[in-house]
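This report refers to the structure that appears directly beneath it.
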Amino acid sequence: MAQFLDTASGRRIAYHRRTGQGPGVVFLGGFKSDMTGTKAVHLEEWARRHDRAFLRFDYSGHGESSGDFEAGCIGDWAEDARAAITQLTAGPQVLVGSSMGGWISLLLARAMPEHIAGLVTIAAAPDFTQQGFWAGFSEAQREIIQRDGRLELPSEYSDSPYVITRRLIEDGRDNLIMDKPLSLPFPTRMLQGTDDADVPMDWAVNLLNHAQGDDIRLTLVKGADHRFSSDDCLSLIEQAVEDVLG
């Protein structure tokens, strides 16, 4: 059963936490996903086997947390993650960020590097509101979102559409990663599938080239898609976390 954290912003964040040895591991999920996903639950089981502290949580507007998804934005969700990490963990943590969670983990790496022992990204999607959504919109779609404040897009992951709001786009521009220096002064492992239809492989290569640090590696997995949840991919995530911890 989930527990809840009331943040200074008035949001109620649902989470699952286990105690264990540190550095702990924190899983940061993707856009419109929640903490019950395959990768989050698999990593929690890994943490149990290794007696490792572990935290997974839902951003506001996601899963069991309070709030309306459409009202949220990258800055809000990064703030939720920062509150969860600072209030629910002790000492530096290894962040495991999937898709949008990769973007948020990079924002946290920039804002609070003293809280981070290492970083693992899975199909990291920094700046996706700008280099993905906005860049891919037609002029007609851009006019709709500017006029109406929202745009509905079909989703292959659920029956309900993705709703992209003007606030999400504008806030995304305030939280870009790729437009200014990015220091990652801790072990960093990036995982990316070559058949990812949502995050192009060149985004991962660009991020590798952009980031500054002495221990950063990118692993490309031929044939893996955006879910990155096959048995082989889950094993690679485990290995990446263990490598960072080692």
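Letter 81 of the sequence shown, counting from 1, is numbered 81 in the UniProt record's numbering, and no numbers are missing. Ideal placement from N, C-alpha and C gives every residue a C-beta, glycine not left out.
So residue i and residue j are in contact, right, with Cβ under 8 Å, and what is the actual spacing, rounded?
i      : j      : result
PHE186 : ILE116 : 6 Å
PRO140 : ILE104 : At residue 140 the sequence reads Ala, which differs from the Pro that was named. At roughly 30 Å, the Cβ-Cβ gap does not stay under 8 Å, so ALA140 and ILE104 are not in contact.
ASP159 : ALA197 : Actually they do not touch by this definition, with Cβ atoms about 19 Å apart.
LEU55  : GLY101 : No, LEU55 and GLY101 are not in contact; Cβ-Cβ is about 13 Å, not under 8 Å.
GLY20  : ARG49  : Not confirmed; about 10 Å, so no contact.
LEU220 : GLN239 : Not quite, the Cβ-Cβ distance comes to about 15 Å (not below 8 Å), so this is no contact.
VAL244 : GLY118 : 3 Å
ILE164 : ILE145 : 7 Å
THR194 : ILE216 : Not really, about 19 Å apart at Cβ, beyond 8 Å.
GLU70  : ARG166 : In fact, because the Cβ distance is near 11 Å, the residues do not count as touching under 8 Å.
LEU5   : ALA83  : 7 Å
THR129 : LEU95  : Rounded, the Cβ-Cβ distance is 20 Å, inconsistent with contact.
Excluding the five sequence neighbours on either side, which residues of its own chain have a C-beta within less than 6 Å of the C-beta of residue i, listed in chain order?
i      : result
TYR162 : LEU153 and SER155
ILE74  : ASP171, GLY172 and ASN175
Please return the same chain residues whose Cβ sits closer than 7 Å to the Cβ of residue i, not counting the five positions on each side in sequence.
i      : result
GLU79  : SER9
LEU182 : LEU106, ARG110, HIS210, ALA211 and GLN212
TRP46  : GLU238
GLY67  : ARG11, SER60 and GLY61
Which residues mark the beginning and the end of the beta strand (DSSP E) in which residue i is found?
i           : result
ILE13       : 12 to 18
GLY132      : Here GLY132 belongs to no beta strand (DSSP E), and DSSP marks it neither H nor E.
residue 254 : This structure cannot settle anything about residue 254, because the visible part of the chain is limited to 1 through 246.
ARG217      : 216 to 221
Given residue i, which residues of its chain have a CB within under 8 Å of its CB, disregarding the five upstream and five downstream residues?
i      : result
ALA125 : GLY30, PHE31, SER99, MET100, GLY102, TRP103, GLY132, ASP198, VAL199 and TRP203
GLN3   : ALA14, TYR15, HIS16 and ARG17
PHE137 : ILE145 and LEU151
Would you give the residue range spanned by the alpha helix (DSSP H) that residue i belongs to?
i           : result
LEU207      : 201 to 210
residue 291 : Outside the shown range of the chain, which is 1 to 246, sits residue 291, and nothing can be said about it.
GLY97       : That residue, GLY97, is in no alpha helix (DSSP H); its beta strand (DSSP E) goes 93 to 98.
ALA123      : Note, ALA123: premise wrong, no alpha helix (DSSP H); not H, not E.
ARG173      : 166 to 173
ILE237      : 231 to 245
Answer yes if the region 28 to 46 comes into contact with the region 54 to 65, meaning at least three C-beta pairs across the two stretches below 8 Å, and no otherwise.
yes
Report the start-end ranges of each beta strand (DSSP E) in the region 25 to 80 that is 3 residues or longer and not cut off at the edges.
52 to 57
Does the region 84 to 91 touch the region 198 to 209, meaning 3 or more C-beta pairs lie closer than 8 Å?
no
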